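J.:
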Amino acid sequence: MNHVDPLPDDAPIQRRDWVTRRAKALSLLTLDTASWCAGFLIASWARYEFGITPRQCALALGAAGVCAVIHAALEQVRFTARGRHPVGSVGEARDLGGTVVLAAAVALAALLPMTDRPVPASVPVLGAAVALLMMGAGRVTYRWRRDRDARPARSADRTLIYGVDAASERLVRVLLGDPASGYLPVGLLDDDPDKQGLRVAGLRVLGGRDRLTQAVRDTRASTVIFSINGSDAALMRDVRSRTLQAGAAFKVLPPVRELLDRPVTADAVRDLQLTDLLGRAQRVAELTVERNGLAGRRVLVTGAGGSIGSELCRQIARCDPGELMMLDRDESALHALQMSLHGRALLDGPELILADIRDGDGIARVIADRRPDIVFHAAALKHLTLLQRHPGEAVKTNVQGTLNVLEACRDVAEFVNISTDKAANPISVLGYSKRITERLMAHYADRYGAKFLSVRFGNVLSSRGSVLTAFQAQVRAGLPITVTHPDVTRYFMTMQEAVHLVLQAAVLGRGGEALVLDMGEPVRIAEVAQRLAAEASPPPEIVYTGLRPGEKLHEDLFGVDEIDSRPLHPLISHVRVPALAPEELAGLDPYGDPDEMVKRLAACCDDNLARLGDTTRLSALPSPR
2 MNHVDPLPDD APIQRRDWVT RRAKALSLLT LDTASWCAGF LIASWARYEF
52 GITPRQCALA LGAAGVCAVI HAALEQVRFT ARGRHPVGSV GEARDLGGTV
102 VLAAAVALAA LLPMTDRPVP ASVPVLGAAV ALLMMGAGRV TYRWRRDRDA
152 RPARSADRTL IYGVDAASER LVRVLLGDPA SGYLPVGLLD DDPDKQGLRV
202 AGLRVLGGRD RLTQAVRDTR ASTVIFSING SDAALMRDVR SRTLQAGAAF
252 KVLPPVRELL DRPVTADAVR DLQLTDLLGR AQRVAELTVE RNGLAGRRVL
302 VTGAGGSIGS ELCRQIARCD PGELMMLDRD ESALHALQMS LHGRALLDGP
352 ELILADIRDG DGIARVIADR RPDIVFHAAA LKHLTLLQRH PGEAVKTNVQ
402 GTLNVLEACR DVAEFVNIST DKAANPISVL GYSKRITERL MAHYADRYGA
452 KFLSVRFGNV LSSRGSVLTA FQAQVRAGLP ITVTHPDVTR YFMTMQEAVH
502 LVLQAAVLGR GGEALVLDMG EPVRIAEVAQ RLAAEASPPP EIVYTGLRPG
552 EKLHEDLFGV DEIDSRPLHP LISHVRVPAL APEELAGLDP YGDPDEMVKR
602 LAACCDDNLA RLGDTTRLSA LPSPR
């Protein structure tokens, strides 16, 4: 008995699609044939001064039939060789024009040598022009009907798009062609005088932001989508204010840099985020990631469960590494990380490593067993005020923990340590400990002859414990927003910028350096609090608590003796860091007197110990392991 394979589950769908394609092809063939016939009849009728005999009609139809056959043959050859464009598109119109001209030229070349021509020589020329016009009209009608049927439902929000650029043009076409988008574009706005009166996909530019209220009223729009790539925060705030005053909702299309890995769609439109209003342009668009630097290599990330570490892992995973190893002491953080990477978290894969960098012997075994090529060291304690009260914890994790990893990485080719802007001219336990790690990196770069370096971050937006996250938590809880000082400023960078800088460091950095991203102008924390308060209803009170021990009014990016040098990239500074041998950490007892510990941390941050009040070199200290 012969075995008959069952039809696949989608066989009815495949058959229906095949029937639809055949029907469309037959419809186009019928339209083109009818257009040739009509064109030749009209051309013959005009040639004989509007008096045409039945015999002349028959001859004209016969010639038109020949041209239609030639046209169909040329179309099939073109389709086989180059494929087809969508019906009604500019590409199809170009190909259609070329086919019609070529078919008419063949017919004319056949007629000219004849002494007894079935139709006058002018008929193929005029008839082809009329036929092309009719073919185009039929296709435009089809495209119009299809686009009309694909428009969003009448219940969709009538929407104005502010900003006319490449991204907004794509957005308009996507929204008009997506019945489920929820947004129905009804007009455009732009402040550029040269764009006034322009039409994009049938929508007119109605004016600039000064006309926004009137445009909302005239078009009955309920939403305004802000879409200008690279715009400043002041412009966004102004447009948002005008939109809310007009009684419309305000949405944002993220900048192109956030859409590189996905197309512009209706889902890309989102609510305004406070990060959009911070008043500084993101630099990540100008930082390219060299993915080939990680492809096929064994990569280890310490502190992989943290905000920066987890985002690092997600970005590295896209670079096709030979193996990605994620180390953290927090099992719940590793669980969440694996879930974000794979959509499941069985915790049974070798990529997860549960270990503590304070355990020198354990870290040494991990490094010896897994043999990474590149290490990204993100494990650290980072809360300034807490470490100021517990300096021994900063010593055990940030200093001795980093030493443990460095001692174990003698065979690692590249090591990138994540530091902070508080390491420049440090005055806090956090700053001291991170400056020491920068100096240790320089020592081990010389000792191993490898690319061991650091990167300095400002405040990373939306990371755990960041000032913005704290402010948002206070607002959600209905509490006052607490700011240390009305004039305090900080440098901010987005998570994308932070991760791009780390990945760039693995490519551009040189051993013993600290890399610093150009983060623009520092931002007043009080202004951030005021903008966040303005978003809340009712607006919370802002309370000033005063600077805490170890906090600066204004952060530095460079130390007093450091030079801002940018030899390889205009946005990345390379700072030479003086080496610090582990032996100079002698006497740094994490269980000793806290005040003495802070003094010794400060002394280890600078080569000139006398200037910091410590005139004696510290005695040798055995390896922390």
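Mapping of the sequence shown onto the working numbering: residues 2 to 626, in sequence order.
Glycine included, every Cβ here is placed at the ideal spot set by N, Cα and C.
Note that the coordinates shown come from a computational prediction; the quantities given were computed from them, not determined experimentally.
Looking at the secondary structure, which residues open and close the beta strand (DSSP E) in which lysine 252 lies?
T.: Residues 250-253.
J.: Which residue's Cα is closest to the Cα of arginine 299: Gly466, Pro351, Asp117?
T.: Pro351
J.: Check whether the stretch 122-136 touches the stretch 198-218, taking contact to mean three or more Cβ pairs, one atom from each stretch, closer than 8 Å.
T.: Segment contact: the stretch 122-136 against the stretch 198-218, fewer than three CB-CB distances shorter than 8 Å; contact not assigned.
J.: Taking 7 Å as the cut-off, is the C-beta of valine 561 nearer than that to any heavy atom in the ligand PLP?
T.: Looking at this structure, you won't find the ligand PLP or any other ligand, since it has none at all.
J.: Please classify glutamate 585: is it buried, with 16 or more other beta-carbons within 10 angstroms of its beta-carbon, or exposed?
T.: buried
J.: Over what stretch of residues does the alpha helix (DSSP H) that includes threonine 303 continue unbroken?
T.: According to the DSSP assignment, threonine 303 belongs to no alpha helix (DSSP H) but to the beta strand (DSSP E) extending over 299-303.
J.: Rounding to the nearest angstrom, what Cα-Cα distance links arginine 263 and isoleucine 43 in this structure?
T.: Caution applies to arginine 263, whose pLDDT of 45 falls short of 50 and renders its modelled position unreliable; the model cannot decide the point.
J.: Run through DSSP, which three-state label would alanine 515 get?
T.: strand
J.: Between the stretch 359-374 and the stretch 396-406, can you find at least three pairs of beta-carbon atoms closer than 8 Å?
T.: yes
J.: Could you give the DSSP three-state label for methionine 136: helix, strand or coil?
T.: helix
J.: Can you give me the C-alpha to C-alpha distance between glycine 99 and histidine 86, rounded to a whole angstrom?
T.: Spanning the alpha carbons of glycine 99 and histidine 86 requires a straight line of approximately 14 Å.
J.: Using the rule of at least 16 other Cβ atoms within 10 Å of the residue's Cβ for burial, across every protein chain shown, is aspartate 607 buried or exposed?
T.: Under this definition aspartate 607 is a buried residue.
J.: Starting from the Cα of valine 225, find the closest Cα among Ala249, Cys38, Ser242 and give me that residue.
T.: Ala249
J.: What runs of the beta strand (DSSP E), each 3 residues or longer, lie entirely inside the stretch 144-215?
T.: 158-163, 184-190
J.: In three-state DSSP terms, what is phenylalanine 51?
T.: coil
J.: Within the same chain, show all residues whose beta-carbon is closer than 8 Å to that of valine 627, passing over the 5 residues directly before and after it, in chain order.
T.: Past the edges of the chain, shown from 2 to 626, lies residue 627, and the structure says nothing about it.
J.: For methionine 340, collect the residues of the same chain with a Cβ closer than 8 Å to its Cβ; drop the 5 residues on either side in sequence, then sort them by chain order.
T.: Counting only Cβ-Cβ distances below 8 Å, and skipping sequence neighbours, we find Ala346.
J.: Starting from leucine 492 and walking both ways along the beta strand (DSSP E), at which residues does that stretch end?
T.: The residue you asked about is not leucine; residue 492 is tyrosine in the sequence shown. Tyrosine 492 -> no beta strand (DSSP E), and no H or E assigned at all.
J.: Please give me, in chain order, every unbroken run of the beta strand (DSSP E) with length at least 3 that falls completely inside the stretch 436-475.
T.: 452-458
J.: Provide the residue span of the alpha helix (DSSP H) that contains isoleucine 364, from first to last.
T.: 361-371
J.: Relative to the C-alpha of threonine 160, which residue among Arg147, Leu176, Asp166 is closest?
T.: Leu176
J.: Just the Cα atoms here: how many angstroms apart are alanine 65 and isoleucine 71?
T.: 10 Å
J.: Go through its chain and collect everything with a Cβ distance to glycine 310's Cβ below 6 Å, but skip five positions before and after it.
T.: So the qualifying residues of the chain are Val302, Gly304, Ala379.
J.: Return the CA-CA distance between serine 242 and phenylalanine 251, expressed in angstroms with no decimal places.
T.: Distance between serine 242 and phenylalanine 251, taken at the CA atoms: about 9 Å.
J.: Check whether the Cβ of alanine 61 lies closer than 8 Å to any Cβ atom in chain C.
T.: In the displayed structure, chain C is absent; only one protein chain is listed.
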